[in-house]
Amino acid sequence: ELMNKTEMLQASEEELRVQQEELRTINAELEEKASLLEEKNQAIEQARAAINLKVDELETTGKYKSEFLANMSHELRTPLNSILVLARILKDNKPHNLTEDQVKYASVIFNAGNDLLTLINDILDLSKIESGKLEMQNEDIKVSDILGDMEMLFAEFASNKKINYSTSIEKSLPKAIFTDKVRVEQVIKNLLSNAFKFTSENGSISITARPGEKPDTISFAIKDSGIGIPAEKQRIIFEAFQQADGSTSRKYGGTGLGLSISRELATLLGGSISLSSEQGVGSEFVLTIPFQAKAVAIIDAEVLPQPASFKSENGAAFLKPAKTITRDDNREPLVVIVEDDKNFANILQDYAREHGYKSIMVHEGTTAVETVKEALPDAVILDIMLPGKDGWQILKELKGDEQTMHIPVHLMSAGEAAANRVRKEGAISFLKKPINTETLDKLFADIMLQSGTRFKQILLVEDHKAQSQALKEMMQGQGIAVDQAFDGESAFRMLHENEYQCVILDLNLPDISGLDLLDKIKEVDRFASLPVVVNTAMELDKTSVNRLMQYANAMVVKTNKSADRLIDEVNLFLNKISETTVNQQEQAPSFTKAKVPNKGKEAIKGKKVLIVDDDMRNIFALSSALQSYDLVVEIANDGEEAITKLEEISDIDIVLMDIMMPKMDGYEATRYIRKQNKWAKLPVIALTAKAMKDDREKCIEAGANDYITKPVDMDRLISLMQLWLES
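28 is the number of the first residue of the sequence shown in the working numbering; add one for each residue after it.
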């Protein structure tokens with residue numbers, strides 16, 4: 028038994044030893060796993076720290092981006108402000124001392140500057156949306172008003188392009204919704220503009236307001252029979268700077284920002300945009316928003332007492348005088364201009380003088396308040412960003428002093444300013460740079476309304492009797508005497524029978540085209556200097572725009588705001604002008620055209636050049652410059668047209684070939700030219716706005732003799748032309 032028990036104990040000991048060995052192995056494995064887990068936890072912590080660092084970096088980058096865009100806004104708008112205002116002044120040519128060509132040059136500068144401003148505004152809009160700084164102004168608006176605005180804006184353009192355009196509202200919708208009208212219309216206008224852009228003649232476009240798929244929502248469906256969008260492109264077109272066709276031979280221009288901004292605005296409105304499209308059949312974009320947008324909180328900060336105010340007849344707000352100020356009623360009206368940009372300050376001074384105002388200039392902030400107290404002007408035009416003391420502080424001091432609190436102050440800046448702060452601080456208005464001539468005219472016209480200035484007589488030529496009567500009543504309410512004509516024949520007769528200081532002309536008349544009537548009016552010597560404001564909803568083609576540039580002083584596009592714009596434009600021409608100024612203008616010597624530089628002129632004189640470009644502004648600028656060198660200019664709008672021109676005109680000496688064009692781009696056209704023996708030695712100089720490092724090689728490989736980037740340096744271009752024409 029003892030031996031058996033001993034053997035059993037030995038067996039148990041052996042089992043225990045094996046178990047201990049297994050436990051030791053398991054412990055080792057657990058320790059190894061724990062070590063690996065600890066390493067993984069450390070790696071996760073490191074990754075989390077790296078992510079947090081990246082988030083911080085992104086936040087910092089976003090902050091720098093916002094600051095950069097804000098600074099860029101100010102830095103770009105400040106010089107652009109002077110460019111646009113001066114170009115418009117030159118375009119108006121009030122002293123009549125510029126040649127017809129020089130007025131056209133100014134018009135091209137002005138239009139190109141506005142295109143640049145639109146692009147800047149688009150980029151800044153997108154950045155404000157991304158940073159959450161775009162303020163929504165919600166209000167109760169009628170659905171019918173939105174569609175009415177869209178019909179007024181696009182109806183004549185649709186008629187001109189022969190497109191069947193219709194609007195409709197389903198009866199089940201409420202009459203009004205609570206949302207931001209400006210932003211809703213901005214989205215719909217962009218979608219409609221794209222629809223008209225991509226729909227050919229005899230097509231159809233409709234906008235329908237209907238209940239959305241979700242409860243308490245409304246959908247605006249914009250449907251067209253245009254070119255359609257391929258399925259693989261339907262997602263990327265909503266990305267910034269993306270387009271369905273981004274090739275060098277694309278037919279339709281644009282930056283690709285419109286749909287991106289529209290999508291972001293739709294999100295801010297609490298809704299969305301959807302798309303259904305089939306290539307070659309058409310597209311339908313649907314904007315869906317809620318009946319009730321989230322109310323925007325308005326800051327009710329009563330830091331300063333609100334000044335009493337009243338409304339003028341046109342709705343402009345003016346401050347009520349806190350007390351009666353005794354001064355000479357016969358003195359000239361006076362305005363104090365506080366602006367550190369001396370170029371723009373001089374422009375403002377010229378405008379003040381033109382509108383019958385004396386002006387006092389202040390170029391920094393420290394002496395502004397004292398100057399206003401001494402002068403007691405009729406108004407103050409005040410920049411916000413000033414050296415020494417900023418405009419907000421100056422405004423606060425002026426509104427806190429009984430002596431100056433009654434004086435209307437108009438703020439201006441290239442930066443942003445919240446509307447509620449402008450009102451809170453007591454300013455009448457905020458003018459955002461670049462300030463256009465219409466805004467400046469309205470500024471001085473509003474000041475003049477306080478002194479009771481009456482306007483002279485105008486002729487309103489408008490075939491739509493309801494619109495004509497509404498405009499007449501609005502203008503008569505402001506002291507503007509209005510005669511009405513409902514067709515071209517009556518208008519022309521009335522011009523001969525009466526003396527008018529301005530004409531408002533609709534282009535869509537029952538008996539004659541407004542453009543033809545304008546030509547007819549300007550053929551009469553006594554009407555040569557008569558200001559004409561064109562009032563139209565038509566989107567004009569290149570030929571019509573060129574005709575308008577010759578005679579029209581301004582153009583107002585019909586919208587729900589166009590009545591105010593018309594009055595602003597009329598104010599420009601109807602303000603009082605002293606007899607001495609008129610006499611000086613009548614006695615002004617005729618302008619002599621400047622002599623053309625002779626550099627390279629003899630070598631290229633009389634040569635025939637073919638300009639191939641799809642942008643009318645570039646063609647206009649280039650042809651004007653080249654004609655001054657006694658070159659004969661022929662024009663083609665794309666590669667196919669260029670080849671046709673070369674076939675028709677055998678003695679073309681040189682070709683200036685743009686690269687990015689519709690139908691056939693510059694590369695393809697140049698290759699085709701080089702394949703023809705008869706054009707083997709014809710010099711071709713490539714012009715392109717794409718300044719990539721391999722562009723020159725691509726152009727030379729395609730067969731171009733040389734290459735120059737846009738904007739074109741004329742001296743360099745003439746040198747290149749001289750070089751290749753002599754070789």
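The beta carbon of each residue, even a glycine, is placed where N, CA and C say it ideally should be.
CA-CA distance, residue 691 to residue 751, rounds to 25 Å. Remark: fewer than three beta-carbon pairs, one from each stretch, lie closer than 8 Å, so the segment 131-148 and the segment 171-189 are not flagged as touching. Straight through space, the alpha carbons of residue 531 and residue 492 are spaced by roughly 14 Å. Three or more beta-carbon pairs separated by less than 8 Å link the segment 315-322 to the segment 205-223, which places the two stretches in contact.
If you compare the alpha carbons of 212, 163, 520, 30 with that of residue 173, the shortest gap goes to 212. Our two residues, residue 63 and residue 56, have alpha carbons roughly 10 Å apart in a direct line. The segment 631-642 and the segment 118-129 do not touch, with fewer than three beta-carbon pairs separated by less than 8 Å. Here residue 401 is exposed, its C-beta having fewer than 16 other C-beta atoms within 10 Å. A Cβ-Cβ contact shorter than 7 Å links residue 574 with residue 542. Partner residues in the beta bridge of residue 247, as assigned by DSSP, are 236, 314. Under the 10 Å beta carbon count, residue 70 is surrounded by fewer than 16 other beta carbons and is classified as exposed.
In the DSSP assignment, residue 551 falls outside any beta strand (DSSP E), carrying neither H nor E. In the displayed model, residue 55 falls within a helix according to three-state DSSP.
The distance from the Cβ of residue 253 to that of residue 293 is about 21 Å, inconsistent with a contact at the 8 Å cut-off. DSSP lists 736 as the bridge partner or partners of residue 715.
In this structure, DSSP gives residue 319 an extended state, which the three-state scheme calls strand. Proximity of the segment 73-87 to the segment 409-428 falls short of the contact definition, fewer than three beta-carbon pairs being nearer than 8 Å.
DSSP, reduced to helix, strand and coil, places residue 140 within a helical segment of the structure shown. Here the C-alpha atom of residue 683 lies approximately 51 Å from the C-alpha atom of residue 510.
By the 16-neighbour rule on beta-carbons within 10 angstroms, residue 404 is buried.
Boundaries of the alpha helix (DSSP H) harbouring residue 422: 418-426, taken from the DSSP string.
For residue 486, DSSP records a beta bridge to 510, 530. Contact check for residue 218 and residue 371: beta-carbon distance about 36 Å, past the 8 Å limit, so the pair fails to qualify.
Residue 523: member of the alpha helix (DSSP H) spanning 515-524, first to last residue. Within 10 angstroms of the beta-carbon of residue 386 lie 16 or more other beta-carbons, which makes it buried.
Straight across, the Cα-Cα distance linking residue 707 with residue 81 is about 58 Å. Between residue 214 and residue 287, the gap from beta carbon to beta carbon reaches 7 Å or more. Pairing residue 632 with residue 680 gives a Cβ-Cβ distance that is not under 7 Å.
Between residue 249 and the set 225, 466, 433, the nearest pair of CA atoms involves 225. Note that the C-beta distance between residue 685 and residue 649 is not below 7 Å. Here residue 685 carries a strand assignment [DSSP, helix/strand/coil]. By the C-beta density criterion, residue 201 is exposed, having fewer than 16 other C-beta atoms within 10 angstroms. In this structure, the straight-line span from the alpha carbon of residue 528 to that of residue 408 is close to 28 Å. Residue nearest to residue 670 within the set 698, 169, 374 is 698 (criterion: CA-CA distance).
A residue is called buried when at least 16 other Cβ atoms come within 10 angstroms of its Cβ; residue 433 meets this threshold and is buried. In the structure shown, the three-state DSSP call for residue 120 is coil.
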